[in-house]
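A short worksheet on the structure shown next.
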Amino acid sequence: MKLISDPIQSSLVERSLDAVWHPCTQMKHHESLPLIAITKGKGAWLFDDQGNALLDCISSWWTNLFGHSNPRINQAITSQLEKIEHVMLAGFTHPPVVALSEKLSALTQGHLGHVFFASDGASAVEIALKMSHHYWRLNNQPQKKKFVCLENGYHGETLGALAVTDVAIFREAYGSLLQDVFTVPSPDA
Numbered sequence: 005m006k007l008i009s010d011p012i013q014s015s016l017v018e019r020s021l022d023a024v025w026h027p028c029t030q031m032k033h034h035e036s037l038p039l040i041a042i043t044k045g046k047g048a049w050l051f052d053d054q055g056n057a058l059l060d061c062i063s064s065w066w067t068n069l070f071g072h073s074n075p076r077i078n079q080a081i082t083s084q085l086e087k088i089e090h091v092m093l094a095g096f097t098h099p100p101v102v103a104l105s106e107k108l109s110a111l112t113q114g115h116l117g118h119v120f121f122a123s124d125g126a127s128a129v130e131i132a133l134k135m136s137h138h139y140w141r142l143n144n145q146p147q148k149k150k151f152v153c154l155e156n157g158y159h160g161e162t163l164g165a166l167a168v169t170d171v172a173i174f175r176e177a178y179g180s181l182l183q184d185v186f187t188v189p190s191p192d193a
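Each residue of the sequence shown is one higher than the last, beginning at 5 in the numbering used here.
Printed below as a string of structure tokens:
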């Protein structure tokens with residue numbers, strides 16, 4: 005890594021290439037497939053450092069379902085940040101997490117008794133796998149530890165999520181670390 009004496013004089017892409025490990029990006033191809041320097045987003049659009057608008061067709065990896073810089077979401081985040089930005093749930097609780105859990109449970113007419121929060125999709129899959137494993141362990145059936153995944157299914161890139169992912173480009177480098185699973189055909193939707 006080279007040190008930059010004046011970051012303003014170096015482009016964002018150059019600085020990024022020197023400092024950031026970009027996920028799912030072949031860094032050796034950066035000249036033929038250059039990084040795009042994004043400086044802002046609004047609704048479904050991202051804007052690069054030249055002012056070009058790019059349609060964000062995957063919601064920045066499925067996280068901005070309501071668009072970038074959504075005024076209602078920004079206001080709620082700003083309001084919450086003025087109170088407290090984060091509190092772990094191990095041994096603690098707080099009003100927003102209780103209110104959201106109650107609303108989610110109400111959507112299922114009360115069938116969903118408790119909510120477990122995860123930070124992202126791969127972590128949610130990992131947690132679900134661990135809950136399943138723990139359930140069978142507590143019910144004196146620890147031998148039940150195999151999982152089923154759908155052909156061509158993608159669930160994330162943590163080790164547990166990769167184990168139940170059937171997409172070779174994501175699995176091949178880590179195959180020896182992954183648990184064996186049963187793969188079944190994906191039903192027609």
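We treat Cβ as the ideally placed atom computed from N, Cα and C, and that holds for glycine.
Smallest Cα separation from residue i: which of the options?
i: Ser-136; options: Thr-82, Pro-100, Cys-153, Lys-148; result: Lys-148
i: Lys-44; options: Asn-144, Leu-133, Asn-74; result: Asn-74
i: Glu-86; options: Asn-78, Gln-30, Leu-93; result: Asn-78
i: Pro-189; options: Val-91, Trp-66, Glu-155, Ala-94; result: Glu-155
i: His-72; options: Gly-47, Thr-29, Phe-151; result: Gly-47
i: Cys-28; options: Pro-191, Ser-83, Ala-177; result: Ala-177
i: Asp-124; options: Pro-146, Thr-67, Gly-55; result: Thr-67
i: Ile-210; options: Pro-100, Met-92, Gly-95, Ala-94; result: Here the chain has residues from 5 to 193 only, and residue 210 is not among them.
Taking the beta carbon of residue i as the centre, do at least 16 other beta carbons fall within 10 Å, making it buried, or is it exposed?
i: Gly-164; result: buried
i: Glu-106; result: exposed
i: Glu-130; result: buried
i: Leu-111; result: exposed
i: Ser-98; result: The residue you asked about is not Ser; residue 98 is His in the sequence shown. Exposed, by the Cβ-count rule.
i: Val-24; result: exposed
Quick one: what's got a C-beta closer than 7 angstroms to residue i's C-beta in the same chain, skipping five residues either side?
i: Glu-161; result: Ala-126, Phe-174
i: Glu-108; result: A quick correction: the sequence has Leu, not Glu, at residue 108. Around Leu-108: Leu-116, Val-119.
i: Asn-144; result: none
i: Leu-69; result: Ser-63
Under 6 angstroms Cβ to Cβ from residue i, same chain only, skipping five residues before and after it: list those, please.
i: Cys-153; result: Val-168, Asp-170, Val-185, Thr-187
i: Gly-114; result: none
i: Leu-133; result: Gly-164
i: Gly-157; result: Asp-170
Here's a check: name, in chain order, each residue in its chain whose Cβ is nearer than 8 angstroms to the Cβ of residue i, leaving out the five neighbours to either side.
i: Leu-182; result: Leu-163, Leu-166, Ala-167, Arg-175
i: Ala-57; result: Trp-49, Leu-50, Phe-51
Return yes when at least one heavy atom of the ligand HEM lies under 7 angstroms from the C-beta of residue i, else no.
i: Trp-65; result: Inclusion of the ligand HEM in the displayed structure is not the case, the ligand content being empty and no account of it being possible.
Measuring CB atoms only, is the stretch 165 to 179 touching the stretch 139 to 147, in the sense that at least three cross pairs come out at less than 8 angstroms?
no
Check: Per the contact definition of three or more C-beta pairs closer than 8 angstroms, is the stretch 15 to 29 in contact with the stretch 38 to 53?
Finding: yes
(message) So within the stretch 126 to 190, which uninterrupted beta strand (DSSP E) runs reach at least 3 residues, ignoring any that extend past its ends?
(response) 152 to 154, 186 to 188
query: Where in the stretch 41 to 116 do unbroken runs of the beta strand (DSSP E), each at least 3 residues long, occur, reported from the N-terminal end onward?
result: 42 to 46, 49 to 52, 57 to 59
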